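Asks: Take this structure, written in structure tokens, and hold onto it; I'll ask about it next.
Residue numbers (this note's numbering): 364 to 659.
Rendered as structure tokens:
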């Protein structure tokens, strides 16, 4: 989620303050009805990319429409101009950025949620279909494994950013790099000879891990030195998994490589390092149809 500017007063909701939930029945207020809601996503954003992958894994194209937003927010406040009416309808005198992702309700023209974890869980639990053939993204018995993957992915993201931060103490950067390599090693072990990180079927953990690896190679490596990127690349099962998922119909078609690059360079003020020239995967070569851009 984009950071909320400090000029926003506490009485005005920040993007993460919109945390309505999809319930099980009419008493919840927001109950699941086909085409009652829509998602507003910019897949160049990692939060949006994770939601887009989850949406496709669940096969919700005809149930929950998606509105695609520009890769680089076009609002003067760092938000998306197209989302401004939704934010203003949902909070009186809203002054913050109109940020994505957004789950909105067509019946009221208001925002249900902008909080990625809630959106992901509600898609999986309340829109995932019923009966045989249903994709279960949170299988019973995988909770501990899913939490472990989430912690490791958080470590990867935080450590990569810390290791690539310009200036500061070299020893601290090396410590961060060590944490990053350690987390990748643990993920490599988790994969073993599995097709998916928690077993034989895709789960929510795969959407998280894949997006984490996409960001690591397409964004974070720009600020790391070449030696660090070669150490990151030294996890063959992990990157073979990432490459295989690019070819999966629920993953690769959402990969907007050009948009990710434009978004990164529009927002980033850091200096590039030698690692920028050491691409781990040729992502574009493995996208279905050879078209690494957002789906229609």
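Ideal Cβ placement from N, Cα and C applies to all residues, glycine included.
A quick note: this is a predicted structure, and the numbers were derived from the prediction, not measured.
At which residue ranges does the segment 455-479 contain complete beta strand (DSSP E) runs of 3 or more residues, listed in the order of the chain?
Replies: 465-468, 473-476
Asks: Name the residue from 421, 616, 403 whose alpha carbon lies nearest to the alpha carbon of residue 428.
Replies: Residue mapping note: residue 428 aligns to position 65 of the chain shown, counting from 1. The shortest Cα separation from residue 428 among 421, 616, 403 belongs to 403.
Asks: Identify, in the order they occur along the chain, each residue of the same chain with its Cβ nearer than 7 Å to the Cβ of residue 620, setting aside the five sequence neighbours on each side.
Replies: The count along the chain shown starts at 1 and reaches residue 620 at position 257. Once the five neighbours on either side are set aside, the close Cβ partners of residue 620 are 581, 646, 647, 655.
Asks: Label residue 585 either buried or exposed according to how many other C-beta atoms from any shown protein chain fall within 10 Å of its C-beta, with 16 as the threshold for buried.
Replies: Within the chain shown, numbered from 1, the residue matching residue 585 stands at position 222. Classification of residue 585: buried, given that the 10 Å Cβ count is 16 or more.
Asks: Using a threshold of 8 Å, state whether the C-beta atoms of residue 650 and residue 615 are closer than that.
Replies: As a first step, residue 650 must be located in the chain shown, where it is residue number 287. As a first step, residue 615 must be located in the chain shown, where it is residue number 252. For residue 650 and residue 615, yes; Cβs fall inside 8 Å.
Asks: If you count every other CB in all the chains shown that lies within 10 Å of the CB of residue 634, and 16 or more means buried, which is it?
Replies: By 1-based counting over the chain shown, the position of residue 634 is 271. So residue 634 counts as exposed.
Asks: So, with DSSP's three-state summary, where would you put residue 597?
Replies: In the chain shown, the residue the question calls residue 597 occupies position 234. Under the three-state reduction of DSSP output, residue 597 falls in the coil class, being neither helix nor strand.
Asks: Could you say which of 611, 600, 434 lies nearest to residue 565 if we only look at CA atoms?
Replies: Position 202 of the chain shown, counting from 1, holds the residue named residue 565. Ranking 611, 600, 434 by Cα distance to residue 565 puts 611 first.
Asks: Measuring CB atoms only, is the segment 524-534 touching the segment 474-494, in the sense that at least three cross pairs come out at less than 8 Å?
Replies: Counting Cβ pairs under 8 Å, fewer than three are found: no touch.
Asks: State buried or exposed for residue 470, treating a residue as buried only when at least 16 other CB atoms are found within 10 Å of its CB.
Replies: Looking up residue 470 in the chain shown gives position 107. Residue 470 should be labelled exposed.
Asks: DSSP state of residue 398, grouped into three classes?
Replies: As a first step, residue 398 is located in the chain shown; it is residue number 35 there, counting from the start. In the structure shown, the three-state DSSP call for residue 398 is coil.
Asks: Starting from residue 641, trace the alpha helix (DSSP H) in both directions and tell me its first and last residue.
Replies: For the purposes of this step, residue 641 is taken as the residue at position 278 of the chain shown. In the DSSP assignment, residue 641 falls outside any alpha helix (DSSP H), carrying neither H nor E.
Asks: Any idea what DSSP makes of residue 541, helix, strand or coil?
Replies: Taking the first residue of the chain shown as position 1, residue 541 is located at position 178. Three-state DSSP puts residue 541 in a helix.
Asks: Using a Cβ-Cβ cutoff of less than 8 Å, which residues in the same chain neighbour residue 505 once the five nearest sequence positions on both sides are dropped?
Replies: Stepping through the chain shown from its first residue, residue 505 is reached at position 142. Once the five neighbours on either side are set aside, the close Cβ partners of residue 505 are 561, 562, 566, 568.
Asks: For residue 435 and residue 640, which I take to be in contact (beta-carbon distance under 8 Å), what is that distance rounded to the nearest angstrom?
Replies: Residue mapping note: residue 435 aligns to position 72 of the chain shown, counting from 1. Residue mapping note: residue 640 aligns to position 277 of the chain shown, counting from 1. Taking C-beta atoms under 8 Å as the contact rule, residue 435 and residue 640 fail to qualify, at a distance of about 23 Å.
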